[in-house]
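Protein sequence lines correspond, in order, to chains L and V.
For reference, each letter of the first sequence is one residue, going 1 to 112 in the numbering used here.
For reference, each letter of the second sequence is one residue, going 113 to 225 in the numbering used here.
Each residue gets a CB set at the ideal place from its N, CA and C atoms; glycine is no exception.
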Amino acid sequence: GESVGLHLPTLSVQEGDNSIINCAYSNSASDYFIWYKQESGKGPQFIIDIRSNMDKRQGQRVTVLLNKTVKHLSLQIAATQPGDSAVYFCAETSNSGYALNFGKGTSLLVTP
Amino acid sequence: DTAVSQTPKYLVTQMGNDKSIKCEQNLGHDTMYWYKQDSKKFLKIMFSYNNKELIINETVPNRFSPKSPDKAHLNLHINSLELGDSAVYFCASSSGLGRQGQFFGPGTRLTVL
């Protein structure tokens, strides 16, 4: 859902279920995307990246899907664990190509 | 071993003061960045340096002055601190410009009273 006021969109899942976090990007010229995980009090941590010549990339328990037609990116986490609870950000290369533009972030809460 | 480190972790200061935040990376990267994260968790690029040269300055007030003494360090000096400067500041580094994963430090929480 959309963020309201100070609240981030929140996804609540049960331990062991699969999670899907979605992101819409705005720059149709973007050719590189990254997902980051940020735990409370820590810096963003690189999870997985994908270039625009691919539509799917898999890592350990994570999969990123890219749909350039609708400018949509998703992060799938398999068998979600309590340690996956964090804020997840998608990022795309900026127009200059020299930095990243970050999305709003989605808070993932994993319940036992 | 910490890849990207920042000091201090917390900084509380009065309006009008001048303060510095230091950043060091031991990854051998040649590009370093400063980002600001506001209270809504929104992350925005401030500066980017490549091989000690300024590449990006994203309309940041000139009270903010980055300095890169060498490729492994990018410090941020802030003059005449204002209430709106309160945020978490993250340093990051990457190997080369653009289209590379950036690795972030633990952040510095700046509170201006």
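- Put simply, the CB of residue 99 of chain L is near chain V, with a gap under 8 Å to one of its CB atoms.
- Annotation for residue 49 of chain L: the continuous beta strand (DSSP E) segment containing it runs 45 to 51.
- In summary, the residues of the region 152 to 171 of chain V whose CB is separated from some CB of chain L by less than 7 Å are 152, 153, 154, 155, 157, 160, 167, 168, in the order they occur in the chain.
- When secondary structure is reduced to three states using DSSP, residue 166 of chain V falls in the strand class.
- For residue 25 of chain L, there are no C-beta contacts with chain V under 8 Å, since the nearest C-beta of that chain is about 15 Å from it.
- Around the beta carbon of residue 123 of chain V, 16 or more other beta carbons lie within 10 angstroms, which makes this residue buried.
- By DSSP's assignment, residue 80 of chain L forms no beta bridge with any residue.
- Taking C-beta atoms as the reference points, residue 176 of chain V and residue 188 of chain V count as a pair closer than 8 Å.
- Between the region 14 to 30 of chain L and the region 79 to 98 of chain L, the count of C-beta pairs closer than 8 Å reaches three or more; the two stretches touch.
- Judged by DSSP in its simplified three-state form, residue 197 of chain V adopts helix.
- Annotated three-state conformation of residue 92 of chain L is strand, per DSSP.
- Your pair residue 73 of chain L and residue 25 of chain L checks out as a contact, with CB atoms roughly 6 Å apart and the cut at 8 Å.
- The CB of residue 186 of chain V never comes closer than 8 Å to any CB in chain L; the least such distance is about 13 Å.
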